[in-house]
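So in UniProt numbering, spot 195 of the sequence shown is number 195, and the numbers just go up one at a time.
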Amino acid sequence: MSIKVNGVSKNFGKFQAVHNASLEVAPGCIHGLIGENGAGKTTLIQCIVGIYKSDQGEVFIDGKSVWENDEAKQMIGYVADRNQFFKGYKVKELVDFFEAMYPNFSRKDFERYNEIFKIKVNQKVTQLSKGMQMRVSFMLHLASNPKVMILDEPTSGLDAIAKKQLLDLLIEAVEEKQMTVLISSHHLTELEKICDEVTFIHQGRVSYQSTIDELKSSIKKLQIVFEDEAPEGFMKWSEFVNIEKLGSVYYAITDRYTQELENRLRKVGARIVEPIGMNLEEIFIYTDGGRREASHE
Ligand SMILES: Nc1ncnc2c1ncn2[C@@H]1O[C@H](COP(=O)(O)OP(=O)(O)OP(=O)(O)O)[C@@H](O)[C@H]1O
């Protein structure tokens, strides 16, 4: 099922936390939400899952508006960044609760996931560590077999092994159940591995959107060595978002890499032009979280 966020804005008093944000996730795709602390990711997510009412705009799951629509909300699994479980509940009582609440909940699935995550179901959930609570929340929501899964920093607080296990299970669910996923994370290396597309948010606004493949083919670090001196004004070429010089080598980051750019560099005396791929984390840092691209629009 698709997710469509259409021009959503959310204010807290006079402060606008999310401004006219739009994004779309096609069925069976994994979409990453990236942004600095306080960018507005959680607020946008809470508008998407129907916790907050947007001041403007609307959210649709499979074409149905989410706000005050229990049918649409039933299709969403929401793993929040801070879990608020019922006080005093044991894990096994939460399993009973989810089974009663969600028609597609599978106890068998939960038990299979718990063979991996190994949580003692007789323990009170509030007595579990942060990472263990996240495991419980993830297992409960995944076992509910939602059509759409929305996860807000699900791997923060997880150890490296649990992180990998969670992401593997998520990918398995996308492949086997055609689940649609929106995931926010500060761990860009892991997002890069699992996402088809990403949206960068900066100060409440969408600053950049792209598929991972497009992003990596358009944003490159070029290693450039000139025959003699660099041409006049080279450091200010508008194709580059950042240029550093180390000895005789220029390292220039471009967000508009094309073969023509390479040809142009050779014409002005570049002896070596070597494009080096960048990972998502480097792209986020060097483009100021996608702000540079937004300025070209
Ligand atoms: N209930 C609220 N009342 C007032 N301001 C809020 C409220 N919730 C969030 N904000 C503000 O909205 C902005 C966006 O916060 P949000 O939690 O959405 O950011 P985030 O991108 O999820 O950040 P992080 O990566 O640190 O979790 C912040 O400036 C925050 O202080």
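No residue lacks a Cβ here, since even glycine has one placed at the ideal position from N, Cα and C.
Taking Cβ to Cβ, would you say residue i is nearer than 9 angstroms to residue j?
i      : j      : result
Val59  : Val25  : no
Gly50  : Ala72  : yes
Lys220 : Thr180 : no
Phe284 : Phe200 : yes
Ala173 : Leu142 : yes
Ala162 : Gly131 : yes
Phe117 : Leu140 : no
Lys92  : Val121 : yes
Gln70  : Met1   : The residue you asked about is not Gln; residue 70 is Asp in the sequence shown. Cβ distance not < 9 angstroms, so Asp70 and Met1 don't count as in contact.
Asp152 : Lys41  : yes
Asn242 : Tyr208 : no
Lys90  : Val125 : yes
Ile150 : Ile76  : yes
Gly38  : Ala21  : no
Cys47  : Lys14  : no
Between residue i and residue j, how many whole angstroms is the CB-CB distance? I'm expecting something under 8 angstroms.
i           : j      : result
Glu239      : Arg266 : Wrong, their Cβ atoms sit about 14 angstroms apart, outside the cutoff.
residue 308 : Leu215 : Residue coverage of the chain in this structure runs from 1 to 297, which leaves residue 308 outside it and unanswerable.
Glu262      : Val273 : 5 angstroms
Gln178      : Gly28  : 4 angstroms
Relative to the C-alpha of residue i, which candidate in the options has its C-alpha closest?
i           : options                           : result
Val19       : Pro103, Leu44 and Tyr250          : Note that residue 19 is His in the sequence shown, not Val. The residue with the shortest Cα to Cα distance from His19 is Leu44.
Leu169      : Asn145, Glu192 and Leu188         : Asn145
Val148      : Lys108, Tyr78 and His187          : Tyr78
Ser106      : Glu115, Val95 and Ile116          : Val95
Glu190      : Ser210, Glu175 and Ser156         : Ser156
Ile30       : Lys41, Lys193 and Met134          : Lys193
Glu36       : Tyr250, Gly247, Leu188 and Glu197 : Leu188
Pro154      : Ala252, His186 and Lys108         : His186
Asn83       : Met1, Gln133 and Lys64            : Gln133
Cys195      : Asp81, Glu176, Leu167 and Ser207  : Leu167
Ser184      : Gly7, Asp81, Phe15 and Arg271     : Asp81
Glu232      : Thr211, Ala270 and Tyr102         : Ala270
Gln259      : Asn279, Ser217 and Tyr251         : Ser217
Leu246      : Ile224, Trp237 and Gln178         : Ile224
Ile3        : Glu176, Gly32 and Tyr208          : Gly32
Gln74       : Tyr52, Ser210 and Phe98           : Phe98
Glu115      : Glu176, Pro27 and Val136          : Val136
residue 300 : Gly13, Ser210, Trp237 and Ser54   : The structure shown does not extend to residue 300, since the chain is modelled only from 1 to 297, so the question has no answer here.
residue 373 : Val198, Pro103 and Ser9           : The structure shown does not extend to residue 373, since the chain is modelled only from 1 through 297, so no value can be given for it.
Tyr113      : Pro103, Asn104 and Phe138         : Phe138
Cβ of residue i less than 9 angstroms from any chain C Cβ?
i      : result
Gln165 : In the displayed structure, chain C is absent; only one protein chain is listed.
Requested in this report: Pick out the complete beta strand (DSSP E) segments inside the region 239-281, 3 residues or longer, and give them in chain order.
Outcome: 240-246, 249-254 and 270-276
Query raised in the report: For the region 13-64, which segments carrying the alpha helix (DSSP H) assignment without a break, of at least 4 residues, lie completely within its bounds, in sequence order?
Result: 41-48
Query raised in the report: Along the chain, which unbroken stretches of the alpha helix (DSSP H) at least 4 residues long are found entirely within the region 121-157?
Result: 130-143
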